[in-house]
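Written out below as structure tokens is the structure these notes cover.
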DNA sequence: ATACTGATTCGACTTTTGGCTAATGGTATC
DNA sequence: GATACCATTAGCCAAAAGTCGAATCAGTAT
């Protein structure tokens, strides 16, 4: 009866087909597994809140509402006890390396054959950090800036994080307020708190900071 | 006496050491070559204006004031007659492919040995499009968005482009005005024109558009 | 010579942003 | 129960952002 008896997983990916495939693989590894799905930042919030005892989160790097390592950085500090595995179409060693440094418990390229994915799931359930073969973790280091931004971002509250992601879409305070069903005054208060925590002076700079956590080529920033 | 008798080149790169090495290689290929240098967007403007009859521009992808393909997109439309070769530390096939699609006349990785660089210069002077070996030009296509943004950006006037790049650094109108030595009202007018041409409604969205021309992993944008 | 186009400049005006204070209620934690 | 933090809102204010119309200037076509 109690869910703590069985394994609880969360699969966050906006591609239904891949979600299904991943769930299938998980079931093969853990027959009685209970799996919860999310296809956006908003639904990820709901599912994570509703299942605080989940054992593992499979997180896509790109979903509606979040992009890059932002969501990972956030999860690492607001739900420390929930290990997070990145599942992504990207398989650049530098991106993989950065994901691990941002606190991911593993990295599964979407291009992996089913067997490999199942092997990855099993390894991670054993507490291992699973990576594709031949990955040099020294490939892409986090520069100081990136680490600082990730730390600042993980200090944000859930609402603040959500608002920050919407700033990242170029929305007005008024639009954000409408979409979240609160007053504009509330959004302003959130934005002020965000700017403070991110140590920037206006929303454009905040958005630029978020962009640095995207999976762009490392080594280009002077 | 007339400069049109000799070959005119422009080398735009913010790394003095590499600039020197490249100039040396050019001299080896074209003994009497006249070479003009730029180490920032501002100086690139000056040099290009001062030498409208230049034969070839060597352009680094990352200089103070510009980043990614923005400068290339701009050059392609405002100085159509000046062929541009990208010189970059990046050698990702997708980046190379995108550079060519943005109108570059060649791509020289900085990691190339001197001989290769000289071979590249000779080939490009013959009118060829020079690429590193084994490059699959199908590697990274421009999505519609990226092509649209590049087109919009190349419709900007020099001043507007300059202002847009400064928006991309998170600067205030006031700061931009001070740096360019004009009134804040002028900058506001430029910004309004930029927003119109880029088909966005505020500066944050304009900055996000510019970011799409950076050399980040392609294929990640949903 | 005239007219037209486009770039640059700027002031006046409106809207949006962002900071500050203050108040309310909820929810943990101690 | 007290304390702390979060979310919410209002109201006020100063600063910044953005729009419009207008003047100037250069180049270009007629």
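Chains as they are written, first to last, in this note's numbering: chain A, 50 to 271; chain B, 50 to 271. The beta carbon of each residue, even a glycine, is placed where N, CA and C say it ideally should be.
- Message: So, with DSSP's three-state summary, where would you put residue 132 of chain A?
- Response: Residue mapping note: residue 132 of chain A aligns to position 83 of the first chain, counting from 1. Residue 132 of chain A: coil per DSSP, three-state reduction.
- Message: By the DSSP assignment, the beta strand (DSSP E) with residue 156 of chain B in it spans what residues?
- Response: One-based indexing of the second chain puts residue 156 of chain B at position 107. 155-158 is the extent of the beta strand (DSSP E) around residue 156 of chain B.
- Task: Flag this pair as touching only if the segment 132-145 of chain A and the segment 158-173 of chain A have three or more C-beta atom pairs under 8 Å; answer yes or no.
- Result: yes
- Item | residue 201 of chain B versus residue 102 of chain B: straight-line alpha-carbon distance, rounded | Residue mapping note: residue 201 of chain B aligns to position 152 of the second chain, counting from 1. Residue mapping note: residue 102 of chain B aligns to position 53 of the second chain, counting from 1. Straight-line Cα distance between these residues: approximately 26 Å.
- Going along the segment 232-253 of chain B in order, which residues come within less than 9 Å of chain A, judged by CB to CB distance? 249, 250, 251, 252, 253
- Output yes or no for whether 8 Å exceeds the beta carbon distance between residue 120 of chain A and residue 71 of chain A. Locating residue 120 of chain A in the first chain gives position 71, counting from the first residue. Locating residue 71 of chain A in the first chain gives position 22, counting from the first residue. No. Outside cutoff.
- Message: Strictly below 7 Å CB to CB, what residues from chain A border residue 176 of chain B?
- Response: Along the second chain, one-based indexing puts residue 176 of chain B at 127. Chain A residues near residue 176 of chain B: none, gap ~30 Å exceeds 7 Å.
- Query: Helix, strand or coil for residue 57 of chain B per DSSP?
  - Reply: Locating residue 57 of chain B in the second chain gives position 8, where the first residue counts as 1. Correct three-state label for residue 57 of chain B: strand.
- Indicate the three-state DSSP secondary structure (helix, strand or coil) for residue 67 of chain B in the structure shown. Position 18 of the second chain, counted from the first residue, corresponds to residue 67 of chain B. Helix at residue 67 of chain B.
- Ordered along the chain, which non-local residues of its own chain (more than five positions away) have a Cβ less than 6 Å from that of residue 180 of chain A? If you number the first chain from 1, residue 180 of chain A lands on position 131. Cβ neighbours of residue 180 of chain A beyond the five flanking positions: 156.
- Message: Let's see if you can read the secondary structure: which residues bound the alpha helix (DSSP H) around residue 239 of chain A?
- Response: The residue labelled residue 239 of chain A in the question sits at position 190 within the first chain. Looking at the DSSP string, the run of the alpha helix (DSSP H) that includes residue 239 of chain A is 233-247.
- Message: Taking 8 Å as the cut-off, does the segment 62-70 of chain B touch the segment 219-229 of chain A (at least 3 CB pairs, one atom from each stretch)?
- Response: no
- Message: Suppose you measure from the CA of residue 219 of chain A to the CA of residue 191 of chain A; what does that come to, to the nearest Å?
- Response: Taking the first residue of the first chain as position 1, residue 219 of chain A is located at position 170. Taking the first residue of the first chain as position 1, residue 191 of chain A is located at position 142. Roughly 26 Å between the two C-alpha positions.
- Task: Would you please verify whether the beta carbon of residue 50 of chain B is less than 8 Å from any beta carbon of chain A?
- Result: Your numbering for residue 50 of chain B matches position 1 in the second chain. Note that residue 50 of chain B scores 40 on pLDDT, short of 50, meaning its location in the model is unreliable; the coordinates nonetheless yield the value given after this. Cβ-Cβ to chain A under 8 Å: no for residue 50 of chain B.
- Message: Can you look up residue 95 of chain A in the DSSP assignment and give me helix, strand or coil?
- Response: The residue labelled residue 95 of chain A in the question sits at position 46 within the first chain. In the structure shown, residue 95 of chain A sits in a helix (DSSP, three-state: H, G or I).
- Query: Which bits of chain B does residue 256 of chain A rub up against, with CB to CB less than 8 Å?
  - Reply: Residue numbering aside, residue 256 of chain A sits at position 207 when the first chain is read from its first letter. Chain B residues near residue 256 of chain A: 253, 256, 257.
- Query: Starting from residue 178 of chain B and walking both ways along the beta strand (DSSP E), at which residues does that stretch end?
  - Reply: Numbered from 1 along the second chain, position 129 holds the residue referred to as residue 178 of chain B. First-last for residue 178 of chain B: undefined, no H or E at that position.
- In terms of residues, what are the limits of the beta strand (DSSP E) holding residue 139 of chain A? Position 90 of the first chain, counted from the start, is the residue given in the question as residue 139 of chain A. It is not in any beta strand (DSSP E) - residue 139 of chain A carries neither H nor E in the DSSP assignment.
- Message: Rounding to the nearest angstrom, what Cα-Cα distance links residue 104 of chain B and residue 74 of chain B in this structure?
- Response: Against the second chain, residue 104 of chain B aligns to sequence position 55. Against the second chain, residue 74 of chain B aligns to sequence position 25. If I take the Cα positions, the gap works out to 16 Å.
- What residue from B:230, B:203, B:248 has the CA that sits closest to residue 126 of chain B's CA? Within the second chain, the letter at position 77 stands for residue 126 of chain B. That would be B:203, whose Cα lies nearest to the Cα of residue 126 of chain B.
- Message: Measuring only the C-alpha atoms, how far is residue 235 of chain A from residue 216 of chain A?
- Response: Along the first chain, read from residue 1 onward, the residue named residue 235 of chain A stands at position 186. Along the first chain, read from residue 1 onward, the residue named residue 216 of chain A stands at position 167. Each residue's alpha carbon lies about 14 Å from the other.
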